[in-house]
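Enquirer: This is the structure I want to talk about, given as structure tokens.
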Amino acid sequence: MTVVALAIAGRRIWWLRRLIRSGQPTTGRTDDFGQRLRAHVTEVFGQRKLLDWSVPGVAHFLTFWGFIVLALTILEAWGALFDADFHIPLIGRWAVIGFLEDFFAVAVLVGLATFAVLRVRQAPARQQRDSRFYGSHTGPAWLILGMITAVVVTLLLYRAAQVNTGVFPFGDSWAAFASHALSIPLEPLGESANEVIETVFLLANIAVILAFLVLVTYSKHLHIGLAPINVTTKRLPDGLGPLLPMESKGVAINFEDPSEDDTFGRGKVEDFTWKGMLDFATCTECGRCQSQCPAWNTGKPLSPKLVIMDLRDHLFAKAPYILGEKETPEKVPDFIAETDERAHSVPESGYPRVIGSNDQQAHRPLVGTAEQGGVIDPDVLWSCTTCGACVEQCPVDIEHVDHILD
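Quick note: the sequence shown uses our numbering, first residue 110, plus one each step.
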């Protein structure tokens, strides 16, 4: 089971790497190591931008650090499969480790409950455009919340059973307070029943973790792995920064003597740089950019979030043609403007005009009307005021304005 899950996830990660590296070259993404390191520490480990919104920020902070600390329990779970008395060498019986594991297990559950309440209160079905989740894939988001909850619940249950069977790595110490508290109602069941409970929930914990690993590589939760890279390779201006020079193949275009091979702007999704493609794949669909966009808040069709989502979905659908897995037909097919409820089908989104990896997707224009099958409608682009509120609010440092201007 582990080998299969790792193979599926690894194959997907390798595919994503190939796709992002197929983007055009760009410069200025690895200079000033010190400033980039500070950005990585404050925004990734410190969750600085997320904490600008106090309630969801604290919930995400707890969940993020829970992922890091609870990685220790993954080692413990796999070890317990082969040795009931397994513990991590050197630190595996430290009471402080048991406390931290249980503290963050409970903290993650609190964070997940907070996310659930926020999603119910701000459900697009209730608030429509006023919801920052309008146009986001809400179904998969609920699935992920459920899976993380299952990971923590199965973890606490098998640890509680371990307390009663005498193989808990932290012994009788109440430092692991949640595990010991849950062990109390299980104790009257007897040792044999607790052994069954331990085995069942240990296997369930590992199964959910592996399923989560695979699902993450196919969902918006790619940001778990991509956001640290995106934050580290972001632009480093004070605020939005100046408009970038127009580049072709990673070199600034000489407008007085342009080359015949120069590409002006982004006419196709493959014209974007690798950093642009990384931006698209990193989007969390959180909607912070959308909620702060003055164009969106005055009834315009522009949602920075939907622009990035449309570009990402189009990139993924066109990927087989970009990577040479499918041959692009010479004949341009007719475009039929149809929406599909399986996509984030809202009027402001252009991607659902053509669904799937097909010849239409390979030839559709990046910018165009519904009749033309465009991924982004011209009215969406012309609604942008270039104020940069979206860039300022984005917790994973996506550069929306640069992509809109390109």
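Positions of the beta carbon are idealized from the N, C-alpha and C atoms, including for glycine.
With 16 other CB atoms within 10 Å as the buried threshold, where does Thr182 fall?
Expert: Indexing the sequence shown from 1 puts residue 182 at position 73. It counts as buried.
Enquirer: Quick check: the region 206-213 against the region 329-346, are there 3 or more CB pairs under 8 angstroms?
Expert: no
Enquirer: Count the other CB atoms within 10 Å of the CB of Arg397; is the residue buried (16 or more) or exposed (fewer)?
Expert: Residue mapping note: residue 397 aligns to position 288 of the sequence shown, counting from 1. Arg397 comes out buried.
Enquirer: How big is the Cα-Cα spacing for Ala148 and Val215?
Expert: Taking the first residue of the sequence shown as position 1, residue 148 is located at position 39. Taking the first residue of the sequence shown as position 1, residue 215 is located at position 106. Roughly 29 angstroms between the two C-alpha positions.
Enquirer: How is the alpha helix (DSSP H) around Pro401 delimited, first residue to last?
Expert: To locate residue 401, count along the sequence shown from 1; it is residue 292. Strictly speaking, residue 401 in this sequence is Gln, with Pro absent from that position. That run of the alpha helix (DSSP H) goes Arg397 to Gln401.
Enquirer: Counting only runs of 3+ residues fully inside the region 116-194, write out the beta strand (DSSP E) ranges in chain order.
Expert: With a minimum length of 3 residues, there is no unbroken run of beta strand (DSSP E) contained wholly in the region 116-194.
Enquirer: Of all the options Leu128, Arg228, Leu514 and Cys499, which has the alpha carbon lying nearest to the alpha carbon of Arg375?
Expert: Position 266 of the sequence shown holds residue 375. Taking only the C-alpha atoms, the option nearest Arg375 is Leu514.
Enquirer: Mapping the DSSP letters down to three states, classify Thr263 as helix, strand or coil.
Expert: For the purposes of this step, residue 263 is taken as residue 154 along the sequence shown, with counting starting at 1. The answer is helix: DSSP assigns Thr263 an H, G or I state.
Enquirer: Looking at the structure shown, is Trp382 part of a helix, part of a strand, or coil, going by DSSP?
Expert: Residue numbering aside, residue 382 sits at position 273 when the sequence shown is read from its first letter. Correcting the residue type first, residue 382 is Thr in the shown sequence and not Trp. The answer is strand: DSSP assigns Thr382 an E or B state.
Enquirer: Relative to the C-alpha of Met386, which residue among Glu300, Glu508 and Leu352 is closest?
Expert: Mapped onto the sequence shown, residue 386 falls at position 277. For the residues Glu300, Glu508 and Leu352, the minimum Cα distance to Met386 belongs to Glu508.
Enquirer: Which whole-angstrom value describes the C-beta separation of Glu436 and Ser131, a residue pair presumed to lie in contact below a C-beta threshold of 8 angstroms?
Expert: For the purposes of this step, residue 436 is identified with residue 327 of the sequence shown, where counting begins at 1. For the purposes of this step, residue 131 is identified with residue 22 of the sequence shown, where counting begins at 1. In fact, because the Cβ distance is near 16 angstroms, the residues do not count as touching under 8 angstroms.
Enquirer: Would you list, in sequence order, the uninterrupted alpha helix (DSSP H) runs of no fewer than 4 residues that lie entirely inside the region 459-488?
Expert: 468-472
Enquirer: Based on Cα-Cα distance, which residue from Leu264, Pro410, Leu179 and Val360 lies nearest to Leu311?
Expert: For this step, residue 311 is matched to residue 202 along the sequence shown. Measuring from the Cα of Leu311, the nearest candidate turns out to be Leu264.
Enquirer: Give me the Cα-Cα distance between Trp491 and Lys409, rounded to the nearest whole angstrom.
Expert: Your numbering for residue 491 matches position 382 in the sequence shown. Your numbering for residue 409 matches position 300 in the sequence shown. Spanning the two alpha carbons is a distance of roughly 10 angstroms.
Enquirer: Just how far apart, CA to CA, sit Pro474 and Leu424?
Expert: Reading the sequence shown from its first residue, position 365 is the one you call residue 474. Reading the sequence shown from its first residue, position 315 is the one you call residue 424. Each residue's Cα considered, the two are about 12 angstroms apart.
Enquirer: Could you tell me the distance, in whole angstroms, from the CA atom of Ile485 to the CA atom of Asn314?
Expert: Working through the sequence shown from its first residue, we reach residue 485 at position 376. Working through the sequence shown from its first residue, we reach residue 314 at position 205. Rounded to whole angstroms, Ile485 to Asn314 spans 42 angstroms at the Cα level.
Enquirer: Tell me which same chain residues have a C-beta within less than 7 angstroms of the C-beta of Ile197, skipping the five on either side of it?
Expert: Along the sequence shown, one-based indexing puts residue 197 at 88. These residues qualify, in order along the chain: Leu181, Leu184 and Glu185.
Enquirer: Where DSSP assigns a beta bridge to Ala232, which residues make up the other side?
Expert: As a first step, residue 232 must be located in the sequence shown, where it is residue number 123. DSSP, once it has assigned bridges, lists no residue as partnering Ala232.
Enquirer: So the candidates are Ala204, Ile117 and Leu266; which of them puts its Cα closest to the Cα of Ser282?
Expert: What you label residue 282 is simply residue 173 of the sequence shown in a count that begins at 1. Checking every option, the nearest Cα to that of Ser282 belongs to Ala204.
Enquirer: Nearest-angstrom Cα distance between Ile257 and Ser328?
Expert: The sequence position of residue 257 within the sequence shown is 148, counting from 1. The sequence position of residue 328 within the sequence shown is 219, counting from 1. If I take the Cα positions, the gap works out to 14 angstroms.
Enquirer: Run through the DSSP bridge pairs and tell me what Val360 is partnered with.
Expert: Locating residue 360 in the sequence shown gives position 251, where the first residue counts as 1. Paired residue(s): Ser357.
Enquirer: Quick check on Leu312: does DSSP put it in helix, strand or coil?
Expert: Taking the sequence shown and counting its residues from 1, the one referred to as residue 312 is at position 203. It is helical.
Enquirer: Leaving out five residues before and five after Leu291 in sequence, what residues of the same chain have Cβ atoms less than 6 angstroms from its Cβ?
Expert: The sequence position of residue 291 within the sequence shown is 182, counting from 1. Contacts found: Leu265 and Ala269.
Enquirer: Can you list, in chain order, the residues of its chain whose CB lies under 6 angstroms from that of Gln144, leaving out five sequence neighbours each side?
Expert: Translated into positions along the sequence shown, residue 144 becomes position 35. Once the five neighbours on either side are set aside, the close Cβ partners of Gln144 are Leu345.
Enquirer: Report yes if the CB atom of Leu125 is closer than 8 angstroms to the CB atom of Leu432, and no otherwise.
Expert: The residue given as residue 125 occupies position 16 in the sequence shown. The residue given as residue 432 occupies position 323 in the sequence shown. Result no, Cβ atoms of Leu125 and Leu432 do not sit closer than 8 angstroms.
Enquirer: Tell me whether the region 229-249 and the region 291-311 touch, counting them as touching only if at least three CB pairs, one residue from each stretch, are closer than 8 angstroms.
Expert: no
Enquirer: So what's Glu307 in DSSP terms, helix, strand or just coil?
Expert: Within the sequence shown, residue 307 is the residue found at index 198, counting from 1. Helix, per DSSP.
Enquirer: Please identify the residue among Ser400, Thr407 and Asp422 whose C-alpha is closest to the C-alpha of Pro413.
Expert: What you label residue 413 is simply residue 304 of the sequence shown in a count that begins at 1. For Pro413, the nearest C-alpha among the options comes from Ser400.
Enquirer: Compute the Euclidean distance between the alpha carbons of Phe381 and Pro351, then round it to the nearest angstrom.
Expert: In the sequence shown, residue 381 corresponds to position 272, counting from 1. In the sequence shown, residue 351 corresponds to position 242, counting from 1. Near 19 angstroms, if we compare the C-alpha coordinates of Pro351 and Phe381.
Enquirer: Once you ignore the five residues that flank Thr67 on each side, which residues in its own chain have a CB closer than 8 angstroms to its CB?
Expert: Since the first residue of the chain shown is 110 and the last is 515, residue 67 is not available in this structure.
Enquirer: What are the boundary residues of the alpha helix (DSSP H) that includes Ile507?
Expert: As a working note, residue 507 is residue 398 in the sequence shown. Premise fails: Ile507 is in no alpha helix (DSSP H) and is neither H nor E.
Enquirer: Quick check: is the beta carbon of Gly350 nearer than 8 angstroms to any beta carbon in chain D?
Expert: This model lacks chain D altogether, as it is built from one protein chain only.
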